[in-house]
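In what follows, a single structure is set out as structure tokens and then discussed.
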Amino acid sequence: MTQTIANPVNDTTTDAAGPAAEERRGRVDLTPAELDDRRRSGAAVIVDVREPDEFRRERIDGAVNVPLSKLTPSEVARAAGVAPRDSIVLHCQGGVRSAQAANRLLEAGWPTAAHLDGGLGAWKKAGLPTKIDRRAPISVMRQVQLVVGSMVLLFTLLGAFVSPWLLIVPAFFGAGLTFAGASGWCGLALVLSKMPWNAAPAAATPPVASCDAGCGDSAARNGAPRP
């Protein structure tokens, strides 16, 4: 069921809504089925607020990309073209970033902003189709996890069987992740985002209205993805 959440600026009452939900002020949380109905009828412009690498790998067909850290009302409006504001539906991987994006639009004065509750995960769980590019690299966030996890495992084993001094390395990675979570800046995500395999050929790049990245909040400002 569509849920309209109070506009934090206008303190509008939260209530469950039917077809007139978009007429109320606040954030509109759409279910996958509701978004699919709008998409099929041509009544929705889907704006994906994930990072470009996530978007290239898998997306809802017809969506355009406006990453969260570069998201402004003008960027969203430009991506939507001549479509009316109330046709725009934001989505991300799990619903967190798109809810933040919707709140940002409300704070900028939009009377209502819709997003997909549960994100792409809920969309796929509902059995709805996505467009997948298997040639695209995995997201930078997953690359960060693979590198850090591998190094921690390797040097923990070496520290146990070769020299305890090598345990400094996993401690270093742990400190780095802690810093990334606290500061919103991840150097490893930034480095990986610049690697050649993460640069998509221009001809193969799907519609992107803007760009950003994040390791948690981190690469969002530097070119890596957020969860």
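FYI, the numbering for the sequence shown is 8 to 234, going by our numbering.
Glycine included, C-beta positions come from ideal geometry on N, C-alpha and C.
Source: prediction; values computed, not measured.
Assuming the contact rule is C-beta atoms closer than 8 Å, Leu160 and Gly166 should be a hit. Round their C-beta distance to whole Å, please.
In fact, because the Cβ distance is near 11 Å, the residues do not count as touching under 8 Å.
Indicate the three-state DSSP secondary structure (helix, strand or coil) for Ile175 in the structure shown.
helix
Ends of the alpha helix (DSSP H) at Leu37?
Run containing Leu37: none in the alpha helix (DSSP H); it sits in the beta strand (DSSP E), Gly33 to Leu37.
Evaluate Asp44 with the Cβ neighbour count: other Cβ atoms within 10 Å of its Cβ, from every protein chain shown; 16 or more gives buried, anything less gives exposed.
exposed
Would you call Glu114 buried or exposed, if buried means 16 or more other Cβ atoms sit within 10 Å of its Cβ?
exposed
Quick check on Val89: buried or exposed, where buried means 16 or more other Cβ atoms within 10 Å of its Cβ?
exposed
What's the C-alpha gap between Glu29 and Ala189?
Low confidence applies to Glu29: its pLDDT is 38, below 50, so where it sits in the model is not reliable, and the reading given next is rough at best. For Glu29 and Ala189, the distance between alpha carbons rounds to 36 Å.
What does a CB cutoff of less than 7 Å around Arg92 pick up in its chain, not counting 5 residues either side in sequence?
Trp117
Mapping the DSSP letters down to three states, classify Thr79 as helix, strand or coil.
coil
From the DSSP output, which residues share a beta bridge with Thr137?
BP columns for Thr137 are empty, so no partner.
Using DSSP bridges, identify the partner residues of Leu4.
Any answer about residue 4 is impossible in this case: the structure gives the chain only from 8 up to 234.
Considering Cα atoms alone, identify which of Ser48, Pro59, Cys99 and Leu184 is closest to Ala129.
Cys99
Going by other Cβ atoms of all chains shown within 10 Å of its Cβ, with 16 needed for buried, is Gly33 buried or exposed?
buried
Can you check DSSP and say which residues form a bridge with Arg45?
Looking at the DSSP assignment, Arg45 forms no beta bridge with any residue, so it has no partner.
Tell me whether the beta-carbon of Ile139 lies closer than 8 Å to the beta-carbon of Glu65.
yes
Answer yes or no: do Ala86 and Val151 have a C-beta to C-beta separation smaller than 8 Å?
no
Please classify Ala206: is it buried, with 16 or more other beta-carbons within 10 angstroms of its beta-carbon, or exposed?
exposed
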